[in-house]
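In the UniProt record's numbering, the protein residues as written are 8 to 339. What follows is a short report on a single structure.
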Ligand code: AQP
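Here it is as structure tokens:
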């Protein structure tokens, strides 16, 4: 079975619709016919300032959300990144193969660093994509299901794997990004030219999976649209309406063309009202399921212990092969 790997950062109290539609939904679908590894990257979460207690709570909550969204620990491996020390150890090796200029070209680093005062952007934020490459390469992943914003990082991962293999002999699998065209970039409701983002969007721009349905309905009602009346998919000229159609289509299963037909002659208010209901149908039962997992910490710990054991088996073998190829003396 082909291998997949992906992760989602514990950088907020809730995942948002972009995370779900761009990534996690595919993870759930892929666990059936892939050997799937999914993790919560807490090492990545400390590349920006954080509060330790909040991080621990968000990591647990992140795992609970993944389980509530449909990851099944009997069909995939779910783990927390810091439980597998091989990630940081492979990152060091890959960092020694990455050009400074190459790392400097990562647009997510530039965006995130620009938001910090100059001396606050950390070396960790700069090397984040190299750690991400290590995350992927440790598991010999064939596919990496992510949103469009992660394409450049998967490209870097491919370059590093190819570079390692050509210098030291074939060792690492060169992964393919797995990005679904329709939902690869869910936009911010308040600024439909930007992606919906945990750290970047204003609260009104994000539909959180754990928000009360009334809160989400209000955000959807206030979503920025345009001065026309026609409900038509046209991301260039009607970014707001197109984004609402994309979300509607992904959750309702109606195609965009069908929706354009359904809403012919209707107003933006009708679309927003229906979308709020569809989102509520999806999110309302979710909070309860998440709470169920959080109320049983011993079971969550068991899932994570099992996940870490399986992850370490695979990661340990890859790291040993890498160390051997680069000439590290095996431990005696
Ligand atoms: N708006 C989006 N549309 C589609 N996919 C998205 N993803 C994120 N935003 C969208 C995908 O969700 C997965 C997990 O993302 P992440 O938490 O690891 O980090 P991110 O990509 O940086 O997402 P955020 O929300 O913008 O988080 P912060 O603000 O913490 O950086 C990834 O596969 C991502 O592509």
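Ideal Cβ placement from N, Cα and C applies to all residues, glycine included.
Tell me which residue opens and which closes the beta strand (DSSP E) that residue i is part of.
i: residue 65; result: Unbroken run through residue 65 is the alpha helix (DSSP H), 59-76; no beta strand (DSSP E).
i: residue 290; result: Element bounds for residue 290: not the beta strand (DSSP E) but the alpha helix (DSSP H), 275-301.
i: residue 11; result: 10-14
i: residue 231; result: That residue, residue 231, is in no beta strand (DSSP E); it is neither H nor E in DSSP.
i: residue 87; result: 84-87
Cβ-heavy atom distance between residue i and the ligand AQP below 7 Å?
i: residue 204; result: yes
i: residue 159; result: no
i: residue 26; result: yes
i: residue 142; result: no
i: residue 189; result: no
i: residue 325; result: no
i: residue 29; result: yes
i: residue 211; result: no
i: residue 207; result: yes
i: residue 218; result: no
Kindly indicate which residue of the options has the alpha-carbon position closest to the one of residue i.
i: residue 321; options: 222, 186 and 141; result: 141
i: residue 18; options: 259, 285, 270 and 207; result: 207
i: residue 127; options: 149, 53, 139 and 279; result: 53
i: residue 175; options: 331, 11, 224 and 14; result: 331
i: residue 49; options: 95, 278 and 334; result: 95
i: residue 301; options: 209, 73 and 228; result: 73
i: residue 194; options: 163, 245 and 38; result: 245
i: residue 47; options: 27, 31, 9 and 87; result: 87
i: residue 185; options: 152, 9 and 191; result: 152
i: residue 165; options: 33, 311, 179 and 229; result: 179
For the alpha helix (DSSP H) that contains residue i, what are its first and last residues?
i: residue 183; result: Run containing residue 183: none in the alpha helix (DSSP H); it sits in the beta strand (DSSP E), 183-185.
i: residue 307; result: 304-333
i: residue 222; result: 220-228
i: residue 246; result: 246-259
i: residue 264; result: 263-269
My assumption, with CB atoms under 8 Å, is that residue i sits in contact with residue j. Please give the rounded CB distance.
i: residue 428; j: residue 203; result: For the chain, the structure presents residues 8 to 339; residue 428 sits outside this window and is missing.
i: residue 78; j: residue 45; result: 6 Å
i: residue 325; j: residue 147; result: 6 Å
i: residue 236; j: residue 149; result: Not a contact, Cβ separation roughly 46 Å.
Would you say the beta carbon of residue i comes nearer than 7 Å to a heavy atom of the ligand ADP?
i: residue 13; result: You won't find the ligand ADP in this model; what it holds is the ligand AQP.
Report task. For the region 101-171, list the alpha helix (DSSP H) runs that are entirely contained and at least 4 residues long, ordered along the chain. Result -> For the alpha helix (DSSP H) assignment, the uninterrupted runs of no fewer than 4 residues enclosed by the region 101-171 are, from N- to C-terminal side, 107-111, 114-121 and 130-144.
Query raised in the report: What are the start and end residues of each continuous beta strand (DSSP E) run of 3 or more residues lying completely inside the region 21-60, in chain order?
Result: For the beta strand (DSSP E) assignment, the uninterrupted runs of no fewer than 3 residues enclosed by the region 21-60 are, from N- to C-terminal side, 42-47.
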